[in-house]
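J.: My questions all concern the structure below.
Right, dumping it as structure tokens:
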């Protein structure tokens, strides 16, 4: 390692220590802090809100899209993959179809299970297609924005904060040097004079001010570009709504078709025996409580237990 690199390491270490001291003194109220103008602070607030809200939306969006632990984003791009990353609806559909085949496709229950199972698998496939589309039209572009444009803004703001700490540290150094010059302190003849120390401190302050102003302008320009990204974010949101509406429409159509197919199957009401005009009407129903237990005398008798409530037709 050459001498120049060693010097640079010491300079960087000195700068880091100076920033840490300035930051600590600001927190303790022992040092002044350069404040930005209200317009700049409004831009900072707007950028923070954009970043935080976008991150929150994406976090909840990904929870909705990937709520099934069996689903993996990498599987969304292979929709024809068999039994890999299937949705809950698809697993339910497979179970119903297999049960229907076991009970017999020629039976009412078995046939209905197969029909419902097939639609459940269709719903699951629609869901996977919707998740892929939602990622393409909303999640991925918004994540890209956070990882590129917003990341650049955050980086430049962090650099501006470092420049601000350097500037305020230089201001503090100039103030302390001038105060020292007003006191009668014996100077070392071999070292720099007080005038030289003041000149160096003021020169460092001038350089720090120029670097700070330059970085503040860069940061401000980048933050002013954040509001212009909102129209594009709006378009991504509209695309997501279109995708979601198409998904629910396809599901609705599939379920309506299934409901129509199942309308011919007998229901519980169809299995209830109805009385024809020729069927004799039953008498009055009376509730009775069994006093003593009774064992059946033959196959036609009932077993009765004490305290049991029975219903008699009179």
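Residue numbers (UniProt numbering): 1 to 314. Note that beta-carbon positions come from the ideal geometry of N, C-alpha and C, so glycine has one too.
Please classify residue 172 as buried or exposed, where buried requires at least 16 neighbouring CB atoms within 10 angstroms.
T.: For the purposes of this step, residue 172 is taken as residue 172 along the chain shown, with counting starting at 1. Classification for residue 172: buried.
J.: Determine whether the beta carbon atoms of residue 130 and residue 61 lie at a separation below 8 Å.
T.: Mapped onto the chain shown, residue 130 falls at position 130. Mapped onto the chain shown, residue 61 falls at position 61. Not in contact: residue 130 and residue 61 (Cβ atoms no closer than 8 Å).
J.: Should the stretch 138 to 148 be regarded as contacting the stretch 105 to 112, the criterion being three or more beta carbon pairs within less than 8 Å?
T.: No, they do not touch.
J.: CA-CA distance, residue 226 and residue 200?
T.: Counted from its first residue, the chain shown places residue 226 at position 226. Counted from its first residue, the chain shown places residue 200 at position 200. Using only the alpha carbons, I get a separation of about 39 Å.
J.: Do residue 157 and residue 211 have their C-beta atoms closer together than 8 Å?
T.: Position 157 of the chain shown, counted from the first residue, corresponds to residue 157. Position 211 of the chain shown, counted from the first residue, corresponds to residue 211. Their beta carbons are not under 8 Å apart, which means residue 157 does not touch residue 211 by this criterion.
J.: Quick one: grab the DSSP three-state call for residue 36.
T.: Taking the first residue of the chain shown as 1, we reach residue 36 at position 36. Residue 36: coil per DSSP, three-state reduction.
J.: From which residue to which residue does the alpha helix (DSSP H) around residue 177 run?
T.: Walking along the chain shown from the start, residue 177 turns up at place 177. It spans 149 to 182 - the alpha helix (DSSP H) in which residue 177 sits, taken as one unbroken run.
J.: Note down, one range per segment and in chain order, each alpha helix (DSSP H) of at least 4 residues found wholly within the stretch 79 to 128.
T.: Listed in chain order, they are 88 to 103.
J.: Pick helix, strand or coil for residue 254, following the three-state DSSP scheme.
T.: Within the chain shown, residue 254 is the residue found at index 254, counting from 1. Helix.
J.: What does the Cβ neighbour count give for residue 378, buried or exposed, with the cut at 16 atoms within 10 Å?
T.: No answer is possible for residue 378: it lies beyond the span of the chain, which begins at 1 and ends at 314.
J.: Mapping the DSSP letters down to three states, classify residue 263 as helix, strand or coil.
T.: As a position in the chain shown, residue 263 is number 263, starting the count at 1. Residue 263 falls in the coil class under three-state DSSP.
J.: Buried or exposed: residue 104, going by 16 or more other Cβ atoms within 10 Å of its Cβ?
T.: Within the chain shown, residue 104 is the residue found at index 104, counting from 1. Its Cβ having fewer than 16 others within 10 Å, residue 104 is exposed.
J.: Helix, strand or coil: how does DSSP classify residue 207 here?
T.: Here residue 207 is taken as the residue at index 207 of the chain shown, counted from 1. Note: residue 207 maps to helix in three-state DSSP.
J.: Assign residue 241 to one of three DSSP states: helix, strand, or coil.
T.: Residue mapping note: residue 241 aligns to position 241 of the chain shown, counting from 1. Looking at residue 241 - three-state DSSP - the assignment turns out to be helix.
J.: Straight-line CA distance for residue 233 to residue 223?
T.: On the chain shown, position 233 is the one that residue 233 refers to. On the chain shown, position 223 is the one that residue 223 refers to. Cα to Cα, residue 233 sits roughly 16 Å from residue 223.
J.: Going straight from the alpha carbon of residue 55 to that of residue 142, what length do you get?
T.: One-based indexing of the chain shown puts residue 55 at position 55. One-based indexing of the chain shown puts residue 142 at position 142. C-alpha separation (whole angstroms): 9 Å.
J.: Compute the distance between the beta-carbons of residue 220 and residue 43, then report whether it is under 8 Å.
T.: Reading the chain shown from its first residue, position 220 is the one you call residue 220. Reading the chain shown from its first residue, position 43 is the one you call residue 43. Contact flag set, yes.
J.: For residue 229, I'd like the list of residues in its chain whose CB is within less than 8 Å of its CB, leaving aside the five on either flank, ordered along the chain.
T.: Here residue 229 refers to the residue found at position 229 when the chain shown is read from its first residue. Around residue 229: 50, 145, 149.
J.: Distance, Cα to Cα, residue 152 vs residue 179?
T.: Here residue 152 corresponds to residue number 152 of the chain shown, with the count starting at 1. Here residue 179 corresponds to residue number 179 of the chain shown, with the count starting at 1. Spanning the two alpha carbons is a distance of roughly 41 Å.
J.: Compare the beta carbon distance of residue 133 and residue 243 with 8 Å and say whether it is the shorter of the two.
T.: Sequence index remark: in the chain shown, residue 133 carries index 133 (1-based). Sequence index remark: in the chain shown, residue 243 carries index 243 (1-based). Yes, these two residues count as a Cβ contact at 8 Å.
J.: Quick one: using the 10 Å Cβ neighbour count with 16 as the cut-off for buried, is residue 294 buried or exposed?
T.: Reading the chain shown from its first residue, position 294 is the one you call residue 294. Answer is exposed; the Cβ neighbour count stays below 16.
J.: Return yes when the Cβ of residue 257 is within less than 8 Å of the Cβ of residue 123, no when it is not.
T.: Along the chain shown, read from residue 1 onward, the residue named residue 123 stands at position 123. Along the chain shown, read from residue 1 onward, the residue named residue 257 stands at position 257. Not a contact, by the Cβ cut-off of 8 Å.
J.: I'd like the list of long-range same chain contacts for residue 204, defined as Cβ closer than 6 Å, with 5 residues on each side in sequence excluded.
T.: Position 204 of the chain shown, counting from 1, holds the residue named residue 204. Here the set comprises 170.
J.: With DSSP as the reference, label residue 139 as helix, strand or coil.
T.: The residue given as residue 139 occupies position 139 in the chain shown. It is helical.
J.: Helix, strand or coil, according to DSSP, for residue 44 in the structure here?
T.: Along the chain shown, read from residue 1 onward, the residue named residue 44 stands at position 44. DSSP places residue 44 in helix when its eight states are reduced to three.
J.: Since residue 126 contacts residue 251 with CB under 8 Å, what's their CB separation in whole angstroms?
T.: Taking the chain shown and counting its residues from 1, the one referred to as residue 126 is at position 126. Taking the chain shown and counting its residues from 1, the one referred to as residue 251 is at position 251. 6 Å between Cβ atoms; contact.
J.: Closest to residue 215 by C-alpha separation, out of 181, 202, 239, 167, would be which residue?
T.: Here residue 215 is taken as the residue at index 215 of the chain shown, counted from 1. Selected option, being the one with the closest Cα: 167.
J.: Alpha carbon to alpha carbon, what distance is there between residue 209 and residue 32?
T.: For the purposes of this step, residue 32 is taken as the residue at position 32 of the chain shown. For the purposes of this step, residue 209 is taken as the residue at position 209 of the chain shown. Those two C-alpha atoms are separated by around 15 Å.
J.: Can you check which of these residues, 292, 206, 174, is closest to residue 197 by C-alpha distance?
T.: Residue mapping note: residue 197 aligns to position 197 of the chain shown, counting from 1. Among 292, 206, 174, the Cα nearest to that of residue 197 belongs to 174.
J.: Can you give the beta carbon distance from residue 100 to residue 119, rounded, assuming they're within the 8 Å contact cut?
T.: For the purposes of this step, residue 100 is identified with residue 100 of the chain shown, where counting begins at 1. For the purposes of this step, residue 119 is identified with residue 119 of the chain shown, where counting begins at 1. Rounded, the Cβ-Cβ distance is 12 Å, inconsistent with contact.
J.: Going straight from the alpha carbon of residue 94 to that of residue 121, what length do you get?
T.: Position 94 of the chain shown, counted from the start, is the residue given in the question as residue 94. Position 121 of the chain shown, counted from the start, is the residue given in the question as residue 121. So the alpha carbons of these two residues sit roughly 7 Å apart.
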